[in-house]
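Colleague: Can you keep this structure in mind? I'll have questions shortly.
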Amino acid sequence: AILLGIETSCDETAAAVVVRDQSGRGTIRSNVVRSQLDEHAAFGGVVPELAARAHVEWLDHIIAQAVEEAGIRLEDVDAIAATAGPGLIGGVLVGLTTAKALAASLDKPLVAVNHLEGHALTARLTNGVEFPYLMLLVSGGHSQFVLVRGVGDYERWGGTIDDALGEAFDKVAKLLSLGHPGGPAVEQAARSGDPTRFKFPKPLLREERLDFSFSGLKTAVRLQAEALAPLSDQDVADIAASFQDTVAVIVETRSRQALERFSQQFPGQEMRLVVAGGVAANRHIAQALEALCSTMGAQLVVPPIPLCTDNGAMIAWAGAERLALGANDGLDVAARPRWPLDTPGMKVNDDAA
Ligand code: ATP
Ligand code: MG
Ligand code: FE
Numbered sequence: 014a015i016l017l018g019i020e021t022s023c024d025e026t027a028a029a030v031v032v033r034d035q036s037g038r039g040t041i042r043s044n045v046v047r048s049q050l051d052e053h054a055a056f057g058g059v060v061p062e063l064a065a066r067a068h069v070e071w072l073d074h075i076i077a078q079a080v081e082e083a084g085i086r087l088e089d090v091d092a093i094a095a096t097a098g099p100g101l102i103g104g105v106l107v108g109l110t111t112a113k114a115l116a117a118s119l120d121k122p123l124v125a126v127n128h129l130e131g132h133a134l135t136a137r138l139t140n141g142v143e144f145p146y147l148m149l150l151v152s153g154g155h156s157q158f159v160l161v162r163g164v165g166d167y168e169r170w171g172g173t174i175d176d177a178l179g180e181a182f183d184k185v186a187k188l189l190s191l192g193h194p195g196g197p198a199v200e201q202a203a204r205s206g207d208p209t210r211f212k213f214p215k216p217l218l219r220e221e222r223l224d225f226s227f228s229g230l231k232t233a234v235r236l237q238a239e240a241l242a243p244l245s246d247q248d249v250a251d252i253a254a255s256f257q258d259t260v261a262v263i264v265e266t267r268s269r270q271a272l273e274r275f276s277q278q279f280p281g282q283e284m285r286l287v288v289a290g291g292v293a294a295n296r297h298i299a300q301a302l303e304a305l306c307s308t309m310g311a312q313l314v315v316p317p318i319p320l321c322t323d324n325g326a327m328i329a330w331a332g333a334e335r336l337a338l339g340a341n342d343g344l345d346v347a348a349r350p351r352w353p354l355d356t357p358g359m360k361v362n363d364d365a366a
């Protein structure tokens with residue numbers, strides 16, 4: 014089936030055309046992403062109202078471009094998939110409403126996709142990963158472990174009780190005056206820094222639960238920066254490196270625990286860890302996970318970074334996987350600002366819905 018996917022839940026206006034063949038293999042025919050970084054840069058974060066307006070202004074062009082780059086006509090698509098949540102409600106409404114209009118005028122099914130499900134299933138598009146697997150989603154808005162048992166069959170194993178990991182990078186970058194988005198800037202600064210100079214706390218790490226907490230760590234970084242002010246370039250680099258290293262240890266430790274739980278739940282099954290979200294771009298964290306998975310004999314899958322961050326292909330693909338199971342959410346489907354992955358009724362044709 015040929016799917017048009019639309020993503021507008023945060024600060025990327027994105028559309029893509031993805032084909033899923035009979036055997037379940039996916040091909041990306043186009044994947045157009047317009048980031049709103051410039052619009053929000055002056056505010057140091059995403060402004061919901063500005064985001065919604067930019068989606069309104071750009072979405073039609075982005076869709077037209079995705080269709081053109083795919084070398085198809087709009088009438089050729091078999092279904093429209095759009096993010097229906099979770100996310101900034103104004104933006105979600107722009108994408109979902111546009112998708113409904115297209116589905117109605119083309120008389121094609123509409124598949125309402127959970128944004129997190131898009132992240133969760135991307136590794137099947139890029140790497141053909143088989144169920145079950147463990148997903149670590151680390152982005153600007155989310156940090157969580159999810160057991161992926163099948164399409165629509167998810168179990169949340171823990172997540173952040175305060176800041177998301179990407180958010181922590183962004184806040185640390187801000188207090189070190191490194192600019193927005195913070196992740197790449199902190200990683201760059203950390204290159205010339207000493208990761209052992211400062212010892213930052215690792216909240217919750219002694220506890221068994223698979224949760225994260227990054228807000229106390231961020232405060233410790235702020236206090237350290239204030240104590241040293243004015244900061245030399247070397248101070249900034251050392252703080253960045255120490256913060257990044259602390260985070261890598263936290264993520265690695267939690268991932269080990271999550272993989273152990275996975276192997277208990279699925280004895281004899283190959284352990285698979287799939288990473289999603291913008292923080293997957295961080296080489297220091299990725300290396301920690303590579304080392305962990307190689308010692309544990311687990312398969313580590315990190316999709317190409319443009320597919321780890323928000324994009325339309327992941328929504329088109331999740332839509333294709335759901336469509337193959339018979340999904341058609343109809344034109345009445347509602348946008349949902351909050352929509353955890355383990356909400357009852359995620360399975361296609363689930364009676365619990
Ligand atoms: P959502 O959670 O809805 O997907 P988002 O758009 O904020 O929200 P992404 O686009 O997946 O999330 O990722 C952006 C986040 O990833 C930002 O917080 C950014 O700082 C972080 N990030 C990007 N590159 C790096 C990096 N090299 N190191 C650490 N963090 C990074
Ligand atoms: Mg984003
Ligand atoms: Fe996302």
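First residue of the sequence shown? That's 14 in full-length UniProt numbering, and the numbers climb one at a time after it. Cβ atoms here follow ideal geometry from the backbone N, Cα and C, with glycine treated the same way. None of these values were measured; they are calculated from a predicted model.
From the DSSP secondary-structure annotation, give me the bridge partner or partners of Gln-312.
Modeller: Arg-285
Colleague: Find the nearest neighbour of His-68 within the set Val-90, Asp-251 and Thr-111, judged by alpha-carbon distance.
Modeller: That would be Thr-111, whose Cα lies nearest to the Cα of His-68.
Colleague: Rounded to a whole number of angstroms, what is the C-alpha to C-alpha distance between residue 12 and Leu-354?
Modeller: The displayed coordinates of the chain run from 14 to 366. Any statement about residue 12 would go beyond what the structure contains.
Colleague: Output needed for Leu-272: all residues of its chain with C-beta closer than 7 Å, excluding positions within five of it in sequence on either side, in chain order.
Modeller: Within the same chain, Cβ atoms closer than 7 Å to the Cβ of Leu-272 are found at Leu-147, Met-284, Leu-286, Met-309 and Ala-311, the five residues on either side in sequence being excluded.
Colleague: In the segment 143-210, which residue ranges form an unbroken beta strand (DSSP E) of at least 3 residues, counting only runs that do not cross its ends?
Modeller: Fully enclosed beta strand (DSSP E) runs of no fewer than 3 residues occupy 146-151, 156-163 and 166-172 of the segment 143-210, in order along the chain.
Colleague: Are Ser-43 and Ala-14 touching if we call contact CB-CB under 7 Å?
Modeller: no
Colleague: Are the CB atoms of Asn-324 and Ala-27 nearer to each other than 7 Å?
Modeller: yes
Colleague: Out of Ser-36, Gly-131, Arg-137 and Asp-363, point me to the one whose CA is closest to Thr-96's CA.
Modeller: Gly-131
Colleague: Can you tell me whether Gly-339 is buried or exposed, with buried defined as 16 or more other CB within 10 angstroms of its CB?
Modeller: Result: exposed.
Colleague: Taking DSSP as the reference, what is the three-state secondary structure of Ala-95?
Modeller: strand
Colleague: With distances taken between CB atoms, is the gap from Ala-348 to Gly-98 smaller than 7 Å?
Modeller: yes
Colleague: As a quick exercise: from Glu-265, Gln-270 and Thr-322, pick the residue whose alpha carbon is nearest that of Ala-293.
Modeller: Among Glu-265, Gln-270 and Thr-322, the Cα nearest to that of Ala-293 belongs to Thr-322.
Colleague: In chain order, what residues place their C-beta within less than 5 Å of a heavy atom belonging to the ligand ATP?
Modeller: Cys-23, Ser-152, Gly-153, Gly-154, His-155, Gly-179, Phe-182, Asp-183, Pro-194, Gly-195, Gly-196, Pro-197, Glu-200, Gly-290, Gly-291, Val-292, Ala-294, Asn-295, Thr-322 and Asp-323
Colleague: Tell me whether Ala-366 sits in a helix, a strand or coil according to DSSP, three-state version.
Modeller: Residue confidence is low: Ala-366 scores 47 on pLDDT, short of 50, so the model does not pin down where it sits. No coordinate-derived value is stated.
Colleague: Is Ile-174 closer than 7 Å to Lys-215 when the C-beta atoms are compared?
Modeller: no
Colleague: Less than 7 Å between the beta carbons of Ala-94 and Val-45, yes or no?
Modeller: Using a Cβ distance threshold of 7 Å, Ala-94 and Val-45 do not count as a contacting pair.
Colleague: Expressed to the nearest angstrom, what Euclidean distance is found between the alpha-carbon atoms of Leu-16 and Thr-232?
Modeller: 44 Å
Colleague: Between the C-alpha atoms of Ala-29 and Gly-100, what's the straight-line distance to the nearest angstrom?
Modeller: 19 Å
Colleague: Measuring straight from C-alpha to C-alpha, what distance separates Ala-366 and Pro-357?
Modeller: Legend: pLDDT at Ala-366 = 47, less than 50; position of this residue unreliable, value from coordinates given subsequently. If I take the Cα positions, the gap works out to 6 Å.
Colleague: Shortest alpha-carbon distance to Thr-135 belongs to which of Ile-318, Leu-344 and Asp-345?
Modeller: Ile-318
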